[in-house]
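Please read the structure below before turning to the comments.
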Amino acid sequence: MLLELADELAGDLASEEVEALQNVLRARRKGLHLLRASDRLFAALASVASLAEPERAILEKSRGQQVQKKALFRAVQRRVLVSRDTGPSLERDGGRETAIVPLRHFAPFSVADCSFVLGEGEPDARMAVRMARYFAHTRGLERLRLPHHVAVGGGGGTSVQLRLHRERPCFCIAVVDSDRAAPGCEEGRTAVEARGEVDDAEPWVALHVLDCRAMENTLPRGLMEEAYGDDHQKRRPLDQMERFDEGGALARYRDYSDFKHGTRLKWVLEHPEEDARRFWLAPEAPLTAAPSVDEDCLAQRACPKGKDCTCDVAYGFGQPLLKKCVDAAEKMPDQELEELLCQKTRRHWCALGRTVFSWVCGTGETRV
Ligand SMILES: [Zn+2]
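Numbered by the working numbering, the letters in the sequence shown go through residues 207 to 574 in order.
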């Protein structure tokens with residue numbers, strides 16, 4: 207996280223505030239967060255008599271390094287302004303957010319520890335961090351480290367975990383699937399419940415609900431190839447993915463198909479939301495472009511074979527899809543990943559990557 211010390215912190219500090227300052231500086235020394243302040247403030251704080259020597263040295267080191275932080279300042283979606291008395295609160299300015307948190311909030315060290323990245327599953331959280339690293343690459347910030355803890359909610363447990371991190375308190379960014387069946391459709395229960403756990407008055411936790419249906423929709427086909435390339439059983443779904451790519455006959459459905467379990471025509475036809483049926487049955491992009499969707503089933507708006515119908519709009523890769531892809535993505539250099547992303551997937555990588563990057567940006571340990 208980028209922590210910025212407000213100029214108003216110059217002047218006498220209460221003992222609790224000195225302890226909090228010590229924690230912030232210790233976190234900076236360990237590289238858990240990045241620190242920004244005016245040179246004048248760094249100088250003023252270095253004269254606080256009760257500061258330990260390593261922390262004083264960090265203040266000295268941080269002076270004169272401000273210029274390098276401009277690119278970083280532009281890149282982050284949320285930063286934390288450490289105030290004397292204002293906040294906790296959240297201010298929004300276009301796509302940017304400033305969390306205002308009083309210095310004394312950092313009095314327990316756990317508050318200044320590195321951020322948690324909370325996902326519905328472990329692969330979700332790891333993929334979010336991989337996207338943050340990709341985002342850093344697109345901004346020329348790849349030299350930064352991304353210190354973080356991974357936390358796992360497991361579907362309905364995600365909102366409970368988010369609440370625990372909010373109450374503890376500690377920095378936490380939660381990432382959840384929208385589970386939406388189509389644009390404009392209802393979000394799933396996990397997203398709705400998680401939304402209820404974030405509050406501008408406790409801006410150390412936040413939530414990113416994916417714009418597409420699930421994390422699997424953010425995966426470029428080339429990454430799936432990398433993950434399953436030698437698995438002959440996955441040849442059919444991999445080949446079919448081409449239809450979902452840019453210019454493909456099913457591109458419209460890429461963000462909302464279920465690539466884990468597969469999407470059946472029956473699910474589309476029986477969907478309770480009218481917006482979903484209208485989206486999936488749009489005449490300009492007929493589902494018969496999927497090789498196994500039967501023209502008669504589509505014309506009759508019913509699959510006569512019921513649950514035995516084999517009208518697959520999208521084949522399912524199976525439960526381990528995301529895990530296999532994140533394993534591959536973590537081994538892959540950013541340059542290579544960049545080439546795999548298409549217009550649709552890059553959009554998600556940049557949006558989620560930017561958010562998560564803001565929470566996990568840090569540096570290596572500084573020797574003083
Ligand atoms: Zn059918």
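Beta carbons: idealized from backbone N, C-alpha and C, even for Gly.
Residue side-chain check: residue 471 places its Cβ nearer than 7 Å to a non-hydrogen atom of ligand 1.
Contact annotation: residue 443 and residue 408 have beta-carbon atoms that are not nearer than 8 Å.
In the assembly as shown, residue 395 is an exposed residue. Its beta-carbon has fewer than 16 other beta-carbons within 10 Å. Residue 275 places its beta carbon 8 Å or farther from that of residue 574. Between the region 501-509 and the region 530-539, the count of C-beta pairs closer than 8 Å stays below three; the two stretches do not touch. Within 7 Å of the C-beta of residue 517 there is at least one heavy atom belonging to ligand 1. At a Cβ-Cβ threshold of 8 Å, residue 307 and residue 379 do not count as neighbours. Annotated as distal: residue 420 and residue 486, with beta-carbon spacing of 8 Å or more. A distance below 8 Å between beta-carbons, with the five flanking residues on each side excluded, links residue 466 to the following residues of its chain, in chain order: 420, 422, 522, 523, 524, 525, 527 and 528.
At a Cβ-Cβ threshold of 8 Å, residue 554 and residue 416 count as neighbours.
Secondary structure note for residue 381: its beta strand (DSSP E) is the uninterrupted segment 378-382.
It is roughly 13 Å from the alpha-carbon of residue 462 to the alpha-carbon of residue 447. Between the region 317-336 and the region 562-570 there are three or more inter-stretch CB-CB distances shorter than 8 Å, so the stretches are counted as touching. Between residue 558 and the set 425, 271, 259 and 253, the nearest pair of CA atoms involves 425.
At a Cβ-Cβ threshold of 8 Å, residue 303 and residue 283 count as neighbours. Here residue 260 has 235 and 574 as same chain residues with Cβ atoms under 7 Å from its own Cβ, once five neighbours each way along the sequence are excluded. Counting the other CB atoms within 10 Å of its CB gives residue 385 a total of 16 or more, which places it among the buried residues.
Rounded to whole angstroms, the gap between the alpha carbons of residue 251 and residue 207 is 21 Å. In this structure, residue 511 has its CB closer than 7 Å to one or more heavy atoms of ligand 1.
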